[in-house]
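>
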Amino acid sequence: MGKEKVILLVEDNPDDVMLTKRAFRRCHIPIRIEVAEDGVEALDYLFCSGKWHDRCPETDPQVMLLDLKLPRVSGLEVLKKVRSEPRTHHLPVVILTSSREEEDVFRGYDLGANSYIRKPVDFESFVRAIGQLGMYWLELNEPPVKRDPRGADDH
Amino acid sequence: MTGGTEESAVSPDGAAFGNQEFMTAMVNILEDFAVEQERLEAMPRAVMNILEDAAAEKERLEEAQRAMLNLLEDFDVERERTRTANEELRTTLENLRRAKEAAEAANRELEAFSYSVSHDLRAPLRAIDGFSLALVEDYGNTLDEDARDYLGRIRAATQKMGQLIDDLLKLSRLTRGDMKITKIDITGLAEEIAAELRTAQPDRHVTFRIAPRLQGRGDANLLRVALQNLVGNAWKFTSKKPEAVIEVGSAQAKGVTAFYVRDNGAGFDMTYADKLFGTFQRLHTDRDYPGTGIGLSIVQRVVHRHGGSVWAEGEPGKGATFWFTLG
Chain A
223 MGKEKVILLV EDNPDDVMLT KRAFRRCHIP IRIEVAEDGV EALDYLFCSG KWHDRCPETD
283 PQVMLLDLKL PRVSGLEVLK KVRSEPRTHH LPVVILTSSR EEEDVFRGYD LGANSYIRKP
343 VDFESFVRAI GQLGMYWLEL NEPPVKRDPR GADDH
Chain B
191 MTGGTEESAV SPDGAAFGNQ EFMTAMVNIL EDFAVEQERL EAMPRAVMNI LEDAAAEKER
251 LEEAQRAMLN LLEDFDVERE RTRTANEELR TTLENLRRAK EAAEAANREL EAFSYSVSHD
311 LRAPLRAIDG FSLALVEDYG NTLDEDARDY LGRIRAATQK MGQLIDDLLK LSRLTRGDMK
371 ITKIDITGLA EEIAAELRTA QPDRHVTFRI APRLQGRGDA NLLRVALQNL VGNAWKFTSK
431 KPEAVIEVGS AQAKGVTAFY VRDNGAGFDM TYADKLFGTF QRLHTDRDYP GTGIGLSIVQ
491 RVVHRHGGSV WAEGEPGKGA TFWFTLG
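Protein chains in written order, with our numbering: chain A, 223 to 377; chain B, 191 to 517.
#1: Is there a C-beta anywhere in chain B that falls below 8 Å from the one on residue 320 (chain A)?
#2: So with Cβ pairs under 8 Å, would you call residue 256 (chain A) a contact of chain B?
#3: CB-CB under 6 Å to residue 387 (chain B), same chain, minus the five flanking residues each way: which ones, in chain order?
#4: Check whether chain C comes within 8 Å of residue 315 (chain B), counting only Cβ atoms and requiring the distance to be less than that.
#5: Measuring straight from C-alpha to C-alpha, what distance separates residue 320 (chain A) and residue 292 (chain A)?
#6: Counting along the chain, where does the beta strand (DSSP E) carrying residue 256 (chain A) start and finish?
#7: With C-beta atoms as the reference, is residue 335 (chain A) less than 8 Å away from residue 301 (chain A)?
#8: Count the other CB atoms within 10 Å of the CB of residue 283 (chain A); is the residue buried (16 or more) or exposed (fewer)?
#9: Going along chain A, which residues have a C-beta under 7 Å from residue 312 (chain B)?
#10: For the stretch 342-362 of chain B against the stretch 378-394 of chain B, are there 3 or more C-beta pairs whose distance is under 8 Å?
#11: Using the beta-carbon of each residue, which ones in chain A are nearer than 7 Å to residue 324 (chain B)?
#12: So, using beta-carbon positions, are residue 487 (chain B) and residue 311 (chain B) closer together than 8 Å?
#13: Using a Cβ-Cβ cutoff of 7 Å, what residues of the stretch 343-372 of chain B are near chain A? List them in chain order.
#14: Can you confirm whether residue 205 (chain A), when its beta carbon is compared against all beta carbons of chain B, has any partner nearer than 8 Å?
#15: Can you grab the Cα-Cα spacing for the pair residue 265 (chain B) / residue 275 (chain B), in whole Å?
#16: What are the residues that DSSP puts in a beta bridge with residue 407 (chain B)?
#17: Note down the Cα distance separating residue 415 (chain B) from residue 435 (chain B), rounded to an integer number of angstroms.
#18: Using a 10 Å radius around the Cβ and a threshold of 16 neighbouring Cβ atoms, would you call residue 411 (chain B) buried or exposed?
#19: Can you tell me the Cα-Cα spacing of residue 198 (chain B) and residue 211 (chain B), whole angstroms?
#20: When the cut-off is 8 Å and only beta carbons count, does residue 237 (chain A) lie next to chain B?
#21: Quick check on the DSSP output: what are the complete alpha helix (DSSP H) runs of length 4 or more inside the stretch 286-342 of chain A, in order along the chain?
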């Protein structure tokens with residue numbers, strides 16, 4: 223098997239973090255889940271700065287699960303920044319939130335989200351959603367190809 | 191005889207003239223004098239007349255002046271009145287502007303509120319449900335029957351609350367947003383909804399009688415929501431009838447076209463008819479017919495937004511008919 227697969231979970235609610243981790247476990251998806259508790263931490267993780275300054279950029283996450291309502295920097299702001307930087311431009315982003323407000327769905331896709339999933343209240347439905355999401359983004363989906371911006375081989 | 195007497199009275203010194211000539215001359219002079227005097231006497235009268243005329247003229251002028259002043263005064267009053275009216279208009283416009291601003295602020299607040307409800311109220315529910323299930327899954331074999339039953343009730347209640355929140359949001363969303371009024375094929379809409387219901391519950395035996403060519407003017411999305419609720423209700427409240435019949439049609443009522451959705455289901459007691467459309471008001475228990483009590487509030491809000499009215503007739507055990515107009 224290849225490298226260990228990593229998911230970046232951007233979620234400020236510790237209950238939701240626990241439940242999401244539990245849902246992944248229940249779906250038997252072997253995965254490392256990195257948690258960022260707000261938008262600032264998420265950007266630090268992705269750009270290897272702040273508390274993540276010594277993170278190896280080689281282990282970029284396979285997908286980012288992004289909540290929208292976050293302290294400091296909101297999910298939509300994170301998304302905007304991610305799409306504007308060449309380093310993270312192609313990162314698959316799945317919005318995973320409680321809100322079904324039309325405006326959020328619209329702006330999420332408008333800013334380049336790959337998917338928008340509303341967390342169900344019912345935990346069994348949530349586990350099913352996580353199972354399908356994990357299967358799709360970690361198994362089925364071919365991740366974006368990394369290329370050096372100058373076209374040189376970096377290995 | 192008289193002359194004789196006068197002659198004798200005249201002085202003898204007048205002998206240079208004849209007596210008679212003197213007298214004549216005198217009379218002439220006197221006459222001339224009288225004329226002159228008369229003329230003189232007439233003069234002040236003329237002056238008086240002139241003066242009198244002048245006074246009248248002055249009076250007229252003064253009157254004209256007074257009239258002019260009155261006019262000016264009236265003009266001032268009028269101008270003042272106009273100024274006041276303008277002032278009032280400005281105040282009214284200002285109030286209107288403020289009211290509009292307040293309404294917009296309230297709307298923004300409502301948006302923020304429903305956003306918060308949508309997001310923040312659901313998160314704890316998810317935790318309650320998730321950890322209740324975790325207890326059952328991880329510690330199920332150490333829990334007795336009662337404990338598992340309680341956990342099941344906790345989960346059912348959280349899911350019910352989740353449904354309530356969703357429905358409440360749906361209701362609040364209906365008051366927002368603009369309406370796009372077009373011609374609506376109500377027959378087609380009802381047939382689509384009937385097909386959706388059949389697909390969702392293929393084991394139910396329900397006869398639909400949908401009148402052809404039903405048409406109305408309204409917002410397609412809102413009317414779909416209203417019809418979904420009315421036909422969905424008819425579907426739900428006939429669930430205990432072996433031969434369920436749902437009719438959709440129209441008739442003239444109060445001079446306008448009224449549409450109706452009729453079923454032969456559970457019906458309701460007309461005593462409580464005014465409670466039917468209240469938010470969260472239910473006439474049946476959740477055990478008999480599950481629901482949140484928001485569907486008919488949604489119908490009412492949609493119909494009112496179209497300027498129409500909605501009413502219902504029913505009888506327990508015999509069915510119900512819901513009528514609505516589109517203004």
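C-beta atoms are modelled at their ideal positions from N, C-alpha and C, and glycine is treated no differently. Computed from a predicted structure; not experimentally measured.
Well, looking at it:
#1: yes
#2: no
#3: 425
#4: Protein chains A and B are contained in the structure displayed, whereas chain C is not.
#5: 12 Å
#6: 254-258
#7: yes
#8: buried
#9: 320 and 343
#10: no
#11: 244
#12: no
#13: 348, 349 and 352
#14: Nothing can be reported for residue 205 (chain A), as the shown portion of chain A is limited to 223 through 377.
#15: 15 Å
#16: B:373
#17: 21 Å
#18: exposed
#19: Residue placement at residue 198 (chain B) is poorly supported in this model, since its pLDDT is 47, which falls under 50; the coordinates still yield a value, given next. Residue 198 (chain B) and residue 211 (chain B): Cα-Cα distance of roughly 16 Å.
#20: yes
#21: 297-306 and 324-332
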